[in-house]
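**Q** First the structure, which I've put down as structure tokens, then a few questions once you've had a look.
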């Protein structure tokens, strides 16, 4: 069964069905406004702009409809990425309500320094070897003895006299 068609929300970046995106969008915008107003003024963002592709009426032709959805999703993904804020220490992006917490932790890591735009294009430093300086003792492999297979005693089926006729015996299993 094919995956159901979904549209990316331009506010939160999550996927919703074509029917439920219309229900989700106003609720998501309302939630975004409440969260944005709770942020410190320096972290507040302008209201997300609805991409023009959202205003398109879907075609009845399946191929054309799929192309329309792909265009909507591309525009929504770009808009959702613009709602993220970049960390000034590691350059990763976060939702506005998480950036303050992240930067507090990221700033405390002494090995990191503020990266300048020119440093973004420079090659990444070689990874540091994090192996311990000591070797842990090797564990000895467990050797299990081969036990002989136990033979089950051979049994013969029990026979009883039949009450229906005197001449035949019926084996009971």
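Residue numbers (the working numbering): 246 to 418.
The beta-carbon is built from N, C-alpha and C at its ideal position, and this holds for glycine as well.
(1) From residue 339 to residue 248, what does the alpha carbon distance come to, in whole angstroms?
(2) Between the segment 293-303 and the segment 313-328, can you find at least three pairs of beta-carbon atoms closer than 8 Å?
(3) Quick check on this structure: which residue in 286, 262, 272 has the alpha carbon closest to the alpha carbon of residue 341?
(4) Can residue 291 and residue 255 be called in contact, C-beta distance under 8 Å?
(5) Give me, in chain order, the residues of the same chain whose beta-carbon lies closer than 6 Å to that of residue 277; leave out the 5 immediate sequence neighbours on both sides.
(6) Hey, how far is the Cα of residue 265 from the Cα of residue 282?
(7) In the structure shown, what three-state DSSP assignment does residue 303 receive?
(8) Which residue marks the beginning of the beta strand (DSSP E) containing residue 258, and which one marks its end?
(9) Considering only DSSP beta bridges, list what residue 263 is partnered with.
(10) I'd like to know whether the C-beta atoms of residue 330 and residue 344 end up nearer to each other than 8 Å.
(11) List the endpoints of the continuous alpha helix (DSSP H) containing residue 333.
(12) Do residue 294 and residue 320 count as a contact pair if the criterion is CB distance below 8 Å?
(13) Could you tell me the alpha carbon to alpha carbon distance between residue 258 and residue 271, rounded to whole angstroms?
(14) How far does the alpha helix (DSSP H) with residue 289 in it extend, from its first residue to its last?
(15) For residue 252, which residues does DSSP report across the bridge?
**A** Short version:
(1) 29 Å
(2) yes
(3) 286
(4) no
(5) 256
(6) 26 Å
(7) coil
(8) Note, residue 258: premise wrong, no beta strand (DSSP E); not H, not E.
(9) None, per the DSSP bridge assignment.
(10) yes
(11) Taken as a continuous stretch (DSSP letters only), residue 333 belongs to no alpha helix (DSSP H), as it is neither H nor E.
(12) no
(13) 14 Å
(14) Careful: residue 289 lies outside any alpha helix (DSSP H) and carries neither H nor E.
(15) 261
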